[in-house]
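I have placed the structure first, in the form of structure tokens, so that the comments after it can refer back to it.
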Amino acid sequence: MNKQMILKLLKVVWRNVCPHEEVEIVTLKEPCVQAYTKYVRSRKPGCNGKFQSCAVRQPKTIYFHTYKKVNRTRRHTIAECCPGWVHRPGEAGCQRANCSSDLCHNGGTCVPSEHNDNEQVCECPTGFTGAKCQYDINECMANNGGCEHECVNTIGTFYCRCWPGFELSTDGNTCTDIDECATANGGCSERCVNTAGGFRCDCPSDLYLHSDGRTCGKVTSCSVDNGGCDHDCEDDSNGEYYRCRCRPGFKLSENKRSCQAIDPCLDNNGKCQHHCTNNNGRVQCQCYPGFHLSYDRRSCVDIDECSKDNGCEHYCENIKGTYRCKCREGYQLGRDGRTCEEMLGGCQVGNGGCQHDCYDQPDGGHICKCRQGYVLADDQKLCHGELASFDLFMKSLTLKDV
Numbered sequence: 001m002n003k004q005m006i007l008k009l010l011k012v013v014w015r016n017v018c019p020h021e022e023v024e025i026v027t028l029k030e031p032c033v034q035a036y037t038k039y040v041r042s043r044k045p046g047c048n049g050k051f052q053s054c055a056v057r058q059p060k061t062i063y064f065h066t067y068k069k070v071n072r073t074r075r076h077t078i079a080e081c082c083p084g085w086v087h088r089p090g091e092a093g094c095q096r097a098n099c100s101s102d103l104c105h106n107g108g109t110c111v112p113s114e115h116n117d118n119e120q121v122c123e124c125p126t127g128f129t130g131a132k133c134q135y136d137i138n139e140c141m142a143n144n145g146g147c148e149h150e151c152v153n154t155i156g157t158f159y160c161r162c163w164p165g166f167e168l169s170t171d172g173n174t175c176t177d178i179d180e181c182a183t184a185n186g187g188c189s190e191r192c193v194n195t196a197g198g199f200r201c202d203c204p205s206d207l208y209l210h211s212d213g214r215t216c217g218k219v220t221s222c223s224v225d226n227g228g229c230d231h232d233c234e235d236d237s238n239g240e241y242y243r244c245r246c247r248p249g250f251k252l253s254e255n256k257r258s259c260q261a262i263d264p265c266l267d268n269n270g271k272c273q274h275h276c277t278n279n280n281g282r283v284q285c286q287c288y289p290g291f292h293l294s295y296d297r298r299s300c301v302d303i304d305e306c307s308k309d310n311g312c313e314h315y316c317e318n319i320k321g322t323y324r325c326k327c328r329e330g331y332q333l334g335r336d337g338r339t340c341e342e343m344l345g346g347c348q349v350g351n352g353g354c355q356h357d358c359y360d361q362p363d364g365g366h367i368c369k370c371r372q373g374y375v376l377a378d379d380q381k382l383c384h385g386e387l388a389s390f391d392l393f394m395k396s397l398t399l400k401d402v
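Residue numbers are given in full-length UniProt numbering: position 145 of the sequence shown equals residue 145, and the series is strictly consecutive.
The structure is reproduced here in structure tokens:
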């Protein structure tokens, strides 16, 4: 199927079909008016004399209608496959990717398709696959990549790796055991025994292998099960007597073998100013509420609650470990300990207990006064008339005279 037939079948709404504008030059016949000149004979008076004429040839323009050829540009839109795609018979649109310079990844190249010479496909280098060579081939998936031990896949290739104690052979696949004893006797002080992928140090029967796994020492009380000591075992020069010692932060138990952690808080409270906690043999200091731990991790610093939002309506007074709210003059602290309420004068509650007039004082107290003609009683609240007071006074004198 030629290209023109394919273009007629494609529609822009189909998959991978793009509109393409083509410019075409066409030749058209357009009507026009043309002219030409010819000479005609005529008589011209006054040629040879006043009354004589003569024959002359004069030009005459002849106009006529005809057509001329002109070239015009004609533009029209056609549907064709978008770049990188081709149409195959029987498919709606262009669903076959065609090869282009940016289609093949990882070093792939464009080659003619085996099924259609007009199409090109990506030919992938070793280690890659996919229509665009976009997928790495994991060579280790097939027979471990031919590796005897470990196969390590990388982008586009792979390599073999041996287990510890082995080295890769020259073929790049098999692994050969390393004879550690061949170099400095493997670090063993006595006999070195090579094993597959490793080695070990052996000692004669009268010696024992040290915990370092290399050196051999004389069999002593400490050489067998560390003398039963939890931590360190120390013996004398003959190896007959020994004693157990504990590492720093531990003390020897009553059985003289096991070690138990020393509570650092028992010694001067662990140098903590407030509270000391034993954290697996380490001191951890904590402060009481209202304090925070200082930079030395031992001393405690009072928290100034008044320096931040404390909830006090008027004033805040910082004290050790806490704070308290205070009110301005004429106010008293509410039950919540934060808000301030206006203080009611003594005279505003029950007239201060005064029978007559009550007066509040600047210091917060109050006094009672009596109206004219009355005097204040001894209780400084009740009022008595002056006449009644005089009569009582006179009666008291009369009773004394009798």
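Just so you know, even glycine gets a beta-carbon here, dropped at the ideal spot from N, CA and C.
Requested in this report: Would you mind sorting His87 into buried or exposed? The rule is 16 or more other CB atoms within 10 Å of its CB.
Outcome: What you label residue 87 is simply residue 87 of the sequence shown in a count that begins at 1. Flag for His87 reads buried.
Requested in this report: Along the beta strand (DSSP E) that carries Asp177, what are the first and last residues, could you check?
Outcome: Here residue 177 refers to the residue found at position 177 of the sequence shown. Cys175 to Asp177 is the span of the beta strand (DSSP E), which, as asked, contains Asp177.
Query raised in the report: Distance, Cα to Cα, Gln134 vs Phe128?
Result: Residue 134 sits at position 134 when you count from the first residue of the sequence shown. Residue 128 sits at position 128 when you count from the first residue of the sequence shown. In this structure, the alpha-carbon of Gln134 lies about 7 Å from that of Phe128.
Requested in this report: Can you tell me which of Ala92, Leu28, Pro19 and Phe158 puts its alpha carbon nearest to the alpha carbon of Tyr78?
Outcome: For the purposes of this step, residue 78 is taken as the residue at position 78 of the sequence shown. A small correction: the amino acid at residue 78 is Ile; Tyr does not occupy that position in the sequence shown. Residue Pro19 is the option with its Cα nearest to Ile78.
Query raised in the report: Whose C-beta lies closer than 6 Å to the C-beta of Ile367 among residues of the same chain, with five residues either side of it excluded?
Result: What you label residue 367 is simply residue 367 of the sequence shown in a count that begins at 1. Same-chain partners within the cutoff: Tyr359.
**Report entry** Contact set for residue 403: own chain, Cβ-Cβ below 8 Å, skip 5 residues either direction
**Finding:** Nothing about residue 403 can be read from this structure; the chain reaches only from 1 to 402.
Requested in this report: To the nearest angstrom, report how far apart Cys124 and Trp85 are at their CA atoms.
Outcome: Position 124 of the sequence shown, counted from the start, is the residue given in the question as residue 124. Position 85 of the sequence shown, counted from the start, is the residue given in the question as residue 85. In a straight line, the C-alpha of Cys124 is about 19 Å away from that of Trp85.
Query - Reference Ala182; option with closest CA among Leu266, Arg371, Asn226 and Phe199 - result: Here the question's residue 182 lines up with position 182 in the sequence shown. It is Phe199 whose Cα lies nearest to the Cα of Ala182.
Report task. Kindly indicate which residue of Gly350, Lys326 and Gly353 has the alpha-carbon position closest to the one of Glu342. Result -> What you label residue 342 is simply residue 342 of the sequence shown in a count that begins at 1. If we check each option's Cα against that of Glu342, Lys326 comes out closest.
Query raised in the report: Does DSSP put Pro89 in a helix, in a strand, or in coil?
Result: Numbered from its first residue, the sequence shown carries residue 89 at position 89. Pro89: coil per DSSP, three-state reduction.
**Report entry** Beta-carbon proximity check, Asp235 vs Thr220, cutoff 8 Å
**Finding:** Walking along the sequence shown from the start, residue 235 turns up at place 235. Walking along the sequence shown from the start, residue 220 turns up at place 220. Cβ atoms of Asp235 and Thr220: closer than 8 Å.
Requested in this report: In the DSSP assignment, find the unbroken beta strand (DSSP E) run with Leu376 in it and report its ends.
Outcome: Locating residue 376 in the sequence shown gives position 376, counting from the first residue. Per DSSP, Leu376 belongs to the beta strand (DSSP E) from Tyr374 to Leu376.
Report task. Would you decide whether Gly330 is buried or exposed? Buried here means 16 or more other CB atoms lie within 10 Å of its CB. Result -> Position 330 of the sequence shown holds residue 330. Answer is exposed; the Cβ neighbour count stays below 16.
Report task. May I ask you to report which of helix, strand or coil DSSP gives Leu382? Result -> For the purposes of this step, residue 382 is taken as residue 382 along the sequence shown, with counting starting at 1. Three-state result, Leu382: coil.
Requested in this report: Compute the Euclidean distance between the alpha carbons of Asn153 and Ile25, then round it to the nearest angstrom.
Outcome: Your numbering for residue 153 matches position 153 in the sequence shown. Your numbering for residue 25 matches position 25 in the sequence shown. The alpha-carbon atoms of Asn153 and Ile25 are separated by roughly 60 Å.
Query raised in the report: Expressed to the nearest angstrom, what Euclidean distance is found between the alpha-carbon atoms of Gly249 and Ile262?
Result: Residue mapping note: residue 249 aligns to position 249 of the sequence shown, counting from 1. Residue mapping note: residue 262 aligns to position 262 of the sequence shown, counting from 1. Here the alpha carbons of Ile262 and Gly249 stand approximately 6 Å from one another.
Requested in this report: Determine the direct distance from the alpha carbon of Glu313 to that of Tyr323, and round the result to whole angstroms.
Outcome: By one-based count along the sequence shown, residue 323 stands at place 323. By one-based count along the sequence shown, residue 313 stands at place 313. Taking the straight line from one Cα to the other gives about 13 Å.
Query - Residues bridged to Asn255 [DSSP beta-bridge criterion] - result: Here residue 255 refers to the residue found at position 255 of the sequence shown. DSSP lists no partner for Asn255.
Query - Sub-8 Å separation of Trp163 and Gly93 beta-carbons - result: Taking the sequence shown and counting its residues from 1, one reaches residue 163 at position 163. Taking the sequence shown and counting its residues from 1, one reaches residue 93 at position 93. For Trp163 and Gly93, no; Cβs fall outside 8 Å.
Query raised in the report: Exposed or buried, Gln52, counting other C-beta atoms within 10 Å across all chains shown (16 or more means buried)?
Result: Your numbering for residue 52 matches position 52 in the sequence shown. Exposed.
Report task. Per DSSP, which residues does Ile367 bridge with? Please list them. Result -> For the purposes of this step, residue 367 is taken as residue 367 along the sequence shown, with counting starting at 1. Looking at the DSSP output, Ile367 bridges to Tyr359.
Query raised in the report: Assuming Asp179 contacts Asn194 under a Cβ cut-off of 8 Å, what Cβ separation, rounded to an integer in Å, is found between them?
Result: For the purposes of this step, residue 179 is taken as residue 179 along the sequence shown, with counting starting at 1. For the purposes of this step, residue 194 is taken as residue 194 along the sequence shown, with counting starting at 1. With 8 Å as the limit, Asp179 and Asn194 qualify as a contact, their Cβ atoms being about 5 Å apart.
Query - Residue range of the beta strand (DSSP E) that includes Asp232 - result: As a working note, residue 232 is residue 232 in the sequence shown. For Asp232, the enclosing beta strand (DSSP E) begins and ends at Asp232 to Asp235.
Report task. On a CA-only basis, which of Gln260, Phe64, His292 and Gln372 is nearest Asn280? Give me that one, please. Result -> Position 280 of the sequence shown, counted from the first residue, corresponds to residue 280. It is Gln260 whose Cα lies nearest to the Cα of Asn280.
Query raised in the report: Between Lys256 and Cys222, what straight-line distance do the alpha-carbon atoms span, to the nearest angstrom?
Result: For the purposes of this step, residue 256 is taken as residue 256 along the sequence shown, with counting starting at 1. For the purposes of this step, residue 222 is taken as residue 222 along the sequence shown, with counting starting at 1. Taking the straight line joining both Cα atoms gives about 14 Å.
Query raised in the report: If you count every other CB in all the chains shown that lies within 10 Å of the CB of Cys47, and 16 or more means buried, which is it?
Result: For the purposes of this step, residue 47 is taken as residue 47 along the sequence shown, with counting starting at 1. Under this definition Cys47 is an exposed residue.
**Report entry** Proximity winner among Gly365, Pro59 and Tyr315, relative to Glu305 (alpha-carbon distances)
**Finding:** Position 305 of the sequence shown holds residue 305. Minimum Cα distance to Glu305 is reached at Tyr315.
Query - Pro19 (DSSP reduced to helix, strand or coil) - result: To locate residue 19, count along the sequence shown from 1; it is residue 19. Assigned with DSSP and collapsed to three states, Pro19 falls in strand.
Query raised in the report: What is the rounded straight-line gap between the Cα of Gly227 and the Cα of Arg245?
Result: By 1-based counting over the sequence shown, the position of residue 227 is 227. By 1-based counting over the sequence shown, the position of residue 245 is 245. In a straight line, the C-alpha of Gly227 is about 11 Å away from that of Arg245.
Requested in this report: Consult DSSP for Ser42 and reduce its assignment to one of helix, strand or coil.
Outcome: As a position in the sequence shown, residue 42 is number 42, starting the count at 1. Note: Ser42 maps to strand in three-state DSSP.
Query raised in the report: What span of residues does the beta strand (DSSP E) with Leu209 cover, start to end?
Result: Your numbering for residue 209 matches position 209 in the sequence shown. First-last of the beta strand (DSSP E) with Leu209: Leu207 to Leu209.
**Report entry** Member of Cys99, Ser100 and Cys81 whose CA lies at the smallest distance from the CA of Arg91
**Finding:** The residue labelled residue 91 in the question sits at position 91 within the sequence shown. A small correction: the amino acid at residue 91 is Glu; Arg does not occupy that position in the sequence shown. It is Cys81.
Query raised in the report: Which one or two residues does DSSP pair with Leu333 in a beta bridge?
Result: Taking the first residue of the sequence shown as 1, we reach residue 333 at position 333. In DSSP, Leu333 forms a bridge with Cys340.
Query - Cβ neighbour criterion (16 or more within 10 Å) applied to residue 434 - result: As shown, the chain starts at 1 and ends at 402. That puts residue 434 outside it, with no answer to give.
**Report entry** Counterpart residues of Ala196 in DSSP-defined beta bridges
**Finding:** Numbered from 1 along the sequence shown, position 196 holds the residue referred to as residue 196. The partner list for Ala196 (beta bridge, DSSP) is empty, contrary to what the question assumes.
Requested in this report: Assuming His149 contacts Cys160 (C-beta within less than 8 Å), just tell me the rounded distance between them.
Outcome: Taking the first residue of the sequence shown as 1, we reach residue 149 at position 149. Taking the first residue of the sequence shown as 1, we reach residue 160 at position 160. Sure, about 7 Å apart at Cβ, within 8 Å.
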